[in-house]
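What follows is a short report on a single structure.
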Amino acid sequence: MTAPVLRVTDLRVHFFLDEGLVRAVDGVSFDVPPGQVVGIVGESGCGKSVTMKAILQIVEPPGRIVGGQILFRKDSAPPVDLARLSPKSAELRAIRGAEIALIPQEPMAAFSPIHSVGEQIIEALQLHERQWRPSGPRLSRTEARSLTVDLFRSVGISMPEERVDAYSWQLSGGLRQRAMIAMALSCRPRLLIADEPTTAVDVTTQAQILNLLRELQRRHGTAIVFITHDLGVIAQMARYVVVMYLGRVMEQGSVEEIFHAPKHPYTRALLKSIPSVNVAPRTLLPTIAGSIPHPLGRPRGCPFHPRCPDAIPGVCAERAPALRPVGATQLASCFLYHRDEAAEP
Amino acid sequence: MSATASLLEVRHLKKLFPIRRGWNRRIIGAVSAVDDVSFTIREGETLGLVGESGCGKTTTARCILRAIPPTGGEILFRAADGRVVDLAPLSRAELRPLRPQIQMVFQDPFGSLNPRMTIFDNVGEPLLVNGLRDRRARLERVAGLLELTGLRPEHMHRFPHAFSGGQRQRIGIARALATEPRLVVADEPVSALDVSVQAQVLNLLLELQKRLHLTLLFVAHDLAVVKHISDRVAVMYVGQLVELATAEAIFRRPRHPYTAALMRAVPVPDPHAPSGDVALAGEVANPASPPAGCYFHPRCPHVVERCRSERPELREVAAGHVVRCHRAEELALAGVGAEPARGAQGVVESPDHRRENV
Amino acid sequence: MSVLAPALPVTAEERVSVASSWRLIWWRFRKHRLALASALVLIALYVVVLCPDFFSTQDPEATDARLAFIPVQRLHVFDGFRPSPWVPDVAGRRNPVTLRMEWSVDPSRRIPVRFFVTGYPYRLLGLVPMRIHLLGAAGPDGRERLHLLGTDRLGRDQWSRLVHGTRTSMTIGLTAVTFSIILGVVLGGISGYYGGLADAVIQRLIELLQSLPTIPIWLALTAALPRDWSPQQVFFAITVILSLVGWTTLGREVRGRFLALREEDFVLAAELAGASRARIIVRHMVPTFLSHIIATSTLAIPAMIINETSLSFLGLGIRPPAISWGVLLQEAQNIQTVALAPWLLVPGAVVILSVLAFNLVGDGLRDAADPYSQ
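Protein chains in written order, with numbering that gives the first Met the number 0: chain A, 0 to 344; chain B, 0 to 357; chain C, 0 to 373.
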């Protein structure tokens, strides 16, 4: 099996607040195979955004990575542990933007309002020139600009020559997000992290953006980590799915396994509670009892047990289950499937 | 008004926002946020108003509530005493006695409650303002309302910051129901909530509607959510109403290409369902300068010459089904089915939505 | 019914959930040690403001030319090893050339200092006649001198004058800011809530007032005050003048807040419930930004204090025989005086202390109030 582009092992990110310790990410592990889309899905407080920030080392204080590894492999070189690198180090800055790129949730907030969108892409191209073009003469401005125009065309922005000089606030939501994708892909990264890229756009624009991402991913062979709360989008985009809840991975596996044979009670309940256009109108939805606990009030043992219809008394409230295989490529952290672990003293 | 007890009838509603330029702020044009919208809501039913950003659904809702004054048209409301009143031209003072009869549920659970007041004060405000000065009576009413929406009455002395988003939405619903309104306008009430919480609040609204015989105008951008709650659905695009029918009919066989495109664009939580390869091209039209003829024609896969020049009118193509499209009768557009899809979908168990085990 | 009497909060989580915003602000404020310490300093100063005579040792207006320029009699707490406060006595010598009395500290003779001694008569809060003072010389000879901060050229005790000056200066600061708040909230509120013509007029007024150079305006306004007004009338007039010019910044801020709040959902909810405009402003809008206004105003008080001190220093504000920090500093206007009697500069240090304290408290309040924006 080919080595994964990204291997996260037992990642822990804690926030040291005045009010207490928040274990935003508490032992998360997953792999991203090269050229594949891995979807991370979960509700608020599950830690998916913090995981993304940890990979890029942009976790804000008072948060800190306190444990685990983030192994990033570029081509055949030995993997680099991103968790060990200092956030401001030159090594990490070389990786950010060039090897790992980010498509943020709010493109308006991600673009500078006083520079044209083309300007920022040219900056990225020039900054990381030696990484996407190891040899050859230095990139001139005209060359960079024409490359940017080509990039815009490839992401489906009409009239690219004019749009290169536009400011982000002059563009519509869909165009801004495309420009953001162009910027992210400009240096041919091996890994793209998409943090809720379609949450802020309309559903018809979302369909276009998702199509674009699929197309680009096929063409360039970029691996994508796709973070979202929308299970419909995950089903359309991802090959592998990681389901998170309160900082831990509840279940992960291929998209078919997760959607057609979910094992973890949380995954099953979540799938049943989404409104769907395929159901008759005005039907009551099955819901998950209770609500997501406050991050400071994390339950003991399995984080889902207070709301779980299948909780094993005396076990689930005491110890947290480990992520163990339940299928061919499927893993779940639930005592229901690991009776031997539950029976341990 | 028809004999089947229409509660609200909106006729040719218009709302223009002027565009001002220059140092003297002279008006050079107008944005037609709501452009000739007409529909009826019957007593006890839910009308879902759906569309993307800029389509005018929120502006329509706010005009009906008279939070903003409409530029034209009529808003005929059947008041509690049986009279039919046109809300559009009324002044602030004239509206005052009607206010308790039309209430709103807001989108943002964090901005819709006054953070400096307790839950009791927040939910009791409509009661106090409308004459219920006796504190004891208010306490009992508020306690009843909180129980109705699945919250514990003893929490009424807490402040909003102590509650989660879903709980705050329940409080917002309790407040909206305080004056026993005849019409409740819900403006994207579940959009800002987590998936599992959305289901709870939607179920609550369905339950409350059955129990209290509420009439609901439900504004949303999410088609799946709208399908779960609505009896009838109205679709808006760039300020115009493009289709209106029962939920069952519109989803089974939409007549307007935009409606069909919207349905196809919604990603289905099933990896084997066809992905949206037939995504709609182009961008949503600019309401400040909409295209000539049919607003949708630049993006429509079924466009003909007539669509580019002639503006279509709203026509009835089947019983209770109106469409604004020249080709409505001849197109055979695909909808989405009502049978459960494969996999983990499907309604199985009895829900536990009302009581929150907080 | 149980809901009528809310149960007392038990757990920490419950205490937070029933905590009003004021309590939350107080909890956050408590964490700033520096702001808390400064708040204590201010409280101490305002206790002095309430009853300056109690803290004085001599009548601040008693002059005696023979007692001019007595140096500072430093207060010592321990006599040997016993805690027994004393001050060194001063000995006077008549200068044969200038024929003036010159005083110097005589450490050989010690005057014991006692607490709660009888001194010159005064009225507590202007009503109750009393004679008790906090400190006083308690020697057998009634003429023992106690000048903790020396005297000035007219023989007036500086410590007592400083205490009285504190009352005037701190009160002006507070009163002027209160007037400014009232003016700013009312006018800014009208401007922000109603908009339209009222807004345009008030905004132009604010811009006009802000574009006028402040010092010439004060000079003009205070010079216009009749010379024969009593110190109290001058005091009141100075306060009004200071607040008439100072309300503009606050007015702008209040307007901004109103504009933002008008769009808030909970304000719309109140309107839809049928609440009157007055109720919405008073019950919903003002409480939401009141904490912020208080924080901003606390930061405005030092500016007022400095304004008053400057005006009085130039002879244009409070005039003798009324006492304020600026009047006290007038005595220190020439180099000779400063060289001979440097203790006359102490009021400057007190100005700095109070301004610093206000700034730190204002910062602490602003940090405590701001994160609450929801």
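Built from N, CA and C at the ideal position, the CB exists for glycine as well. Just so you know, these numbers come straight off a predicted model, no measurement behind them.
Query	Result
Cross-chain neighbours of ILE273 of chain A in chain B, by beta carbon under 7 Å	VAL194, PRO268
Inter-residue spacing [alpha-carbon to alpha-carbon] between TYR192 of chain C and ALA142 of chain B	34 Å
Element boundaries [beta strand (DSSP E), containing THR245 of chain B]	239-245
Unbroken stretches of the beta strand (DSSP E), 3 residues or longer, contained in the segment 32-79 of chain C	75-78
Spatial distance of GLY46 of chain A from ALA327 of chain A (CA atoms)	26 Å
Span of the alpha helix (DSSP H) around PHE288 of chain C	285-312
CB-CB length for ILE102 of chain A against ALA193 of chain A, believed under 8 Å	4 Å
Cβ of ASP264 of chain C within 8 Å of any chain B Cβ	yes
Candidates C:THR97, C:SER83, C:ASN94: closest to LEU374 of chain C by CA position	The structure shown does not extend to residue 374 of chain C, since chain C is modelled only from 0 to 373, so the question has no answer here.
Of the listed residues C:LEU123, C:GLU330, C:VAL253, C:LEU41, nearest to LEU359 of chain C (C-alpha basis)	C:LEU41
Local Cβ density within 10 Å of SER134 of chain A, reported as buried at 16 or more and exposed below that	exposed
Sequence-distant residues of the same chain with beta carbon closer than 6 Å to VAL335 of chain B, five excluded per side	PHE250, MET262
VAL314 of chain A versus A:ARG323, A:ALA234, A:PRO302, A:TRP168, residue with shortest Cα-Cα distance	A:PRO302
Assigned secondary structure, LEU224 of chain C (DSSP; H/G/I helix, E/B strand, else coil)	coil
Buried or exposed by the 16-neighbour rule on C-beta atoms within 10 Å, applied to VAL83 of chain B	exposed
Straight-line gap, ALA109 of chain A to THR198 of chain A (C-alpha atoms, nearest Å)	15 Å
Distance between beta carbons of ALA331 of chain A and MET249 of chain A, contact taken as under 8 Å	7 Å
LYS87 of chain A burial status per 10 Å Cβ neighbour count (16 or more: buried)	exposed
Expected contact under 8 Å - CB spacing of ALA234 of chain A and PRO290 of chain B to nearest Å	Rounded, the Cβ-Cβ distance is 34 Å, inconsistent with contact.
Sheet register partners of ILE131 of chain C (DSSP bridge)	C:THR117
Own chain residues within Cβ distance below 6 Å of CYS293 of chain B, not counting five before or after	CYS306, PRO311
At least 3 beta-carbon pairs within less than 8 Å: the segment 209-221 of chain C vs the segment 179-196 of chain C	no
For TYR244 of chain A, three-class secondary structure by DSSP	strand
Touch test, the segment 53-69 of chain A against the segment 147-157 of chain A, Cβ-Cβ under 8 Å, three pairs minimum	no
Assigned exposure category for MET158 of chain A - 16 Cβ within 10 Å defines buried	exposed
Beta-bridge pairing of ALA233 of chain B - partner residues as DSSP gives them	B:LEU48, B:LEU243
Backbone secondary structure at HIS219 of chain A - three-state DSSP	helix
Alpha helix (DSSP H) runs wholly inside the segment 1-47 of chain A, at least 4 long, in chain order	none
Cβ neighbours of VAL322 of chain B in the same chain (closer than 6 Å, five flanking residues each side left out)	GLU242, ARG254, HIS255, VAL316
Alpha-carbon to alpha-carbon, HIS156 of chain B and VAL202 of chain A	40 Å
Any chain A beta carbon closer than 8 Å to SER163 of chain B	yes
Euclidean distance between Cα positions of VAL86 of chain C and HIS75 of chain C	6 Å
Straight-line gap, ILE27 of chain B to GLY71 of chain B (C-alpha atoms, nearest Å)	20 Å
Below-8 Å beta-carbon distance, ARG281 of chain A vs any chain B residue	yes
Alpha-carbon spacing of SER253 of chain A relative to PHE288 of chain C, whole angstroms	51 Å
Which listed residue (B:CYS62, B:ARG20, B:ALA32, B:THR57) has its alpha carbon closest to that of PHE217 of chain B	B:THR57
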